[in-house]
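Single-structure report; data block below.
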Amino acid sequence: TQLLEQSPQFLSIQEGENLTVYCNSSSVFSSLQWYRQEPGEGPVLLVTVVTGGEVKKLKRLTFQFGDARKDSSLHITAAQPGDTGLYLCGGEGSNDYKLSFGAGTTVTVRA
Amino acid sequence: EAQVTQNPRYLITVTGKKLTVTCSQNMNHEYMSWYRQDPGLGLRQIYYSMNVEVTDKGDVPEGYKVSRKEKRNFPLILESPSPNQTSLYFCASSSRILHGYTFGSGTRLTVV
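Chains as they are written, first to last, in the working numbering: chain A, 16 to 126; chain B, 20 to 131.
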């Protein structure tokens, strides 16, 4: 089992502020995936990062994969109430393609 | 529309009464997986399948069974449900080439 630790567990910010969520592990992953989940729904894939050091941008969201492929971060610029949700990182094993998740970060953006 | 369909969405059952949660995907994905989600514990993998007739245990397989007789279907079977299996269950599928899973809408199971 590859243990993924997400921090912080909860984050409450004002609209317009920036935030960063971290996902760390001692294991190396073939890919690191970020999902957002809203109440009553399944997680929805935001992005997949595959190459160490890779940076991907999705509008106001920036995702980074660590050089050693063990950690990742999600940065949101100028957060909006629509960014509210549970953010999950998932690491795909290098040998077995199993996808293990961190416990998630609950983000609340206040208007 | 590309999707993963789970049924039922909600289920209340009694201890020991066998049940099956169905999962079907229409994207011709090789990988399928079952997760349970509990407060504070995140998503934990129950079983996964890399292709037809190929299944393997995830992190919390006790009390569950799966089968993959066809590529599109991956049912989750609880032979003798117990209250500690009360949870929110998700089925997901993925392509071998493209990383990233498509999740179903979830099944909320209560065992009394």
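We treat Cβ as the ideally placed atom computed from N, Cα and C, and that holds for glycine.
Judged by DSSP secondary structure, LYS72 of chain A falls within the beta strand (DSSP E) whose first and last residues are 70-73.
Among the residues of the stretch 102-125 of chain A, those with a Cβ less than 8 Å away from any Cβ of chain B are LEU103, GLY105, GLU107, ASP111, TYR112, LYS113, LEU114, SER115, PHE116, GLY117, ALA118 and GLY119, in the order of the chain. If you check the CB distance, GLN21 of chain A and ALA118 of chain A come in under 8 Å. DSSP places ASN45 of chain B in the coil class of the three-state scheme, outside both helix and strand. If you check each beta-carbon in the stretch 51-71 of chain B against every beta-carbon of chain A, the ones closer than 8 Å belong to SER52, TYR54, GLY59, LEU60, GLY61, LEU62, ARG63, GLN64, TYR67 and MET69. Distances from the alpha-carbon of SER115 of chain A to those of B:ARG28, B:GLY123, B:VAL79 and B:MET46 put B:VAL79 closest. A check of alpha carbon separations from PRO96 of chain A across A:THR123, A:LEU47, A:GLY57 and A:SER42 identifies A:THR123 as the nearest.
LEU89 of chain A is outside the set of residues whose beta carbon lies under 8 Å from a beta carbon in chain B.
Think of a sphere of 9 Å around the beta carbon of VAL36 of chain A: no beta carbon from chain B falls inside it, the nearest being about 13 Å out.
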